[in-house]
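Residue numbers (the working numbering), protein chains in the order written: chain E, 1 to 225; chain D, 1001 to 1428; chain R, 2001 to 2045. These notes concern the structure reproduced below.
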């Protein structure tokens, strides 16, 4: 864990994970990017749109019997809705993501190494979406992708826009950051998301997990619930 | 991709509110109140006053559909809460839907819980199903026949279209009364699998049948009684072979015991040569002694050719003169007609008397016969008296009465299935 | 339902065994006096 003084307000900005390069100051909402020795501010993050998520930065939970903490969050919007991507830090130092959409939770980890050919192929079809164009006909969901040893089916392809971020993240996520996101599901609840921000593609592989199995702690209190 | 959510801060500053509380704003069409309960997740909502459907994905509040025809109330109001499957749910919206021709109608309530997300509570003709979207790939979705999904074997039930005819409340998608989807249904009662397909996506959901009374209790509101069979209702008519099987075994054991302990003794047998001279006379058997109380069976045999015989009998206790009447009629006819040879009646008969007390008895017989009226050779009639005979008829009646229970239950089961499958099939 | 079935089944078995062990036949008790037919049935002629 490392602490830096916010270049804007001087408050502590904490980087709990060595791999985090970006954080939002919890006091002045400055977006702070970590360099080799110092941090620089790249602007101020606007308030995140309100939602009913019971999760918050600092919430804890378990995945495969290992505790994790939520250290960052992306609020994403697309044509037909919004969802949260929570960045999590596992006790063993691995970092992953919890996708929270309509009360379903997917836990995934970035696929290390060279991405499978399927992924590159997929993005070739879908990248025009990033620049406001239409995806190729092949970019219609329904095709199968082989990832991390499992076969998954692409169920939706969408242009995702970052509506805001908080906490610390492995990449800078200012408002308006756009990615093409392809969600894939497997027969047994396997989950993967492929995304491309115009510079590089990433694949995240994991599975859907029920609320009870995640055993969350330190939840955000919701009035009336 | 022209309608990206702007995510811009609200035009007017909003006072800080506790997260979890519903949010309200004014309808851009009529100024009425629009309530958002699933803040940040609802994409469309209707105005409670003018029922206009509003896009609430961002602050621009675009009208999707101006005032829907007539406001339609649902059995369960928006905002109602209930615990179903041990989770508290709040009704945030409902849709009226119907099949293509509009013959079959149902209501889908959208339930929300900030921790558990969404469920659909589907009501069709008083039957309730709690539906969850399945985050599972179902490769065979849409196929007619048996498919595997979420670890269950599902049987194809029906295929058709679902039109949304009315929406109220808020939804996590852009609801519209223009929505038409192709729906394929599968059942594995109490579970049900629904595959909804439109141009953009395939949604697979799994439902579980709920007892209407449980739903009424959970929402603390009276609900109508379900009519006919529910699509994924477990057939309530299950032949319970346990009880009846046990009773059949018990009855059989008792029958065998009663056969084993009955004396079945021949206490008298006599052959009478009947002639016209016996008309009006009373014949008597020899006396016999019964040491225990028991029933009496009288077996009569006579060789009749196109004739009849009636014996008016009385078993008389010679000590007390107590008399027990018995009557036996025999007839035997045969001949040939256009259909060929025929035969009616027979030469033997038995009559059973209820148990008589111990004592010495004789049997008095007053015969009458067709031959008494015409000159003929003597008719030999044998009358045998048996004491404490075993009885089969009680057992057979008991078996029929017992087996009627699973039989009726099986028939009702089949009728229930028939009524269930009448709702299925492929709609063109 | 199951309780009703149990009562019903018990009633049937008990009635049967009561009748059996006392020597009564339910059919014989219900059967009335039946006269013999005095001639050939018309439809055979």
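Virtual Cβ for every residue (Gly too), placed ideally from N, Cα, C.
For residue 44 of chain E, same chain residues with a beta-carbon under 6 Å away, outside a window of 5 residues either side, are 29 and 30 in chain order. Burial is judged here by how many other beta carbons sit within 10 angstroms of a residue's own beta carbon; residue 1045 of chain D has at least 16 and is buried.
When C-alpha distances from residue 1138 of chain D are compared across E/93, E/126 and E/153, the shortest belongs to E/153.
Rounded to the nearest whole angstrom, the CA to CA distance from residue 1270 of chain D to residue 1247 of chain D is 42 Å. Residue 193 of chain E sits buried, since 16 or more C-beta atoms from the chains shown fall within 10 Å of its C-beta.
Interface residue (Cβ-Cβ distance to chain E less than 8 Å): residue 1412 of chain D is not classified as such. A straight-line Cα-Cα distance of about 7 Å links residue 1250 of chain D and residue 2013 of chain R. Distance from the CA atom of residue 1372 of chain D to the CA atom of residue 1379 of chain D, rounded to whole angstroms, is 10 Å. Beta bridge pairing from DSSP links residue 1356 of chain D with D/1294. Distances from the CA of residue 1375 of chain D to each of D/1066, D/1426, D/1276 and D/1369 were compared; the closest alpha carbon is that of D/1276. For residue 1112 of chain D against residue 1148 of chain D, the beta-carbon gap comes to about 30 Å, at or over 8 Å, which does not count as contact. DSSP lists D/1161 and D/1197 as the bridge partner or partners of residue 1182 of chain D. Put simply, of D/1332, D/1350 and D/1273 the residue whose alpha carbon is nearest the alpha carbon of residue 1342 of chain D is D/1332. Within the DSSP bridge table, the entry for residue 78 of chain E names E/81 as partners.
For residue 1417 of chain D, the uninterrupted alpha helix (DSSP H) run begins and ends at 1393-1421, by DSSP. Linking residue 115 of chain E to residue 109 of chain E through their CA atoms gives a straight-line distance of about 13 Å.
From the listed residues D/1395, D/1114 and D/1096, the smallest Cα separation to residue 1088 of chain D is found for D/1114.
For the segment 15-28 of chain E, the beta-carbon criterion of a distance under 7 Å to any beta-carbon of chain D is satisfied by none of its residues. Counting the other Cβ atoms within 10 Å of the Cβ of residue 1285 of chain D gives 16 or more, which makes it buried. For residue 1021 of chain D, the neighbours in chain E by C-beta distance under 9 Å run, in chain order, 222, 223 and 224. Between residue 216 of chain E and residue 223 of chain E, the alpha-carbon positions lie close to 18 Å from each other. Between residue 50 of chain E and residue 1145 of chain D the beta-carbon gap is near 47 Å, outside 8 Å, which marks them as no contact. Taken through DSSP and simplified to helix, strand or coil, residue 2008 of chain R comes out as helix. The way I'd put it, the segment 178-185 of chain E does touch the segment 121-132 of chain E; three or more beta-carbon pairs between them come closer than 8 Å. According to the DSSP secondary-structure assignment, residue 1095 of chain D is paired through a beta bridge with D/1108 and D/1167. CA-CA distance, residue 7 of chain E to residue 25 of chain E, rounds to 10 Å. Residues of the segment 41-72 of chain E with a C-beta less than 8 Å from any C-beta of chain D: 46, 47, 49, 50, 51, 52, 53 and 54, listed in chain order. Burial is judged here by how many other beta carbons sit within 10 angstroms of a residue's own beta carbon; residue 1278 of chain D has at least 16 and is buried. At least 8 Å separates the CB of residue 1366 of chain D from every CB of chain R. Between the C-alpha atoms of residue 2027 of chain R and residue 1296 of chain D there is a straight-line separation of about 15 Å. Relative to the Cα of residue 1188 of chain D, the nearest Cα in the group D/1176, D/1181, D/1207 and D/1213 belongs to D/1207. Flagged as an interface residue toward chain D: residue 104 of chain E, by a C-beta distance shorter than 8 Å. Per the DSSP secondary-structure output, residue 158 of chain E pairs in a beta bridge with E/181. Within the segment 1322-1344 of chain D, those residues whose Cβ lies closer than 8 Å to any Cβ of chain R are, in chain order, 1327, 1329, 1330, 1331, 1333, 1335, 1337, 1342 and 1344. When C-beta distances to chain R are compared with 9 Å, every residue of the segment 1135-1151 of chain D stays at or above that value. Contact with chain E is found for residue 1173 of chain D, since one of that chain's Cβ atoms lies less than 8 Å from the residue's Cβ.
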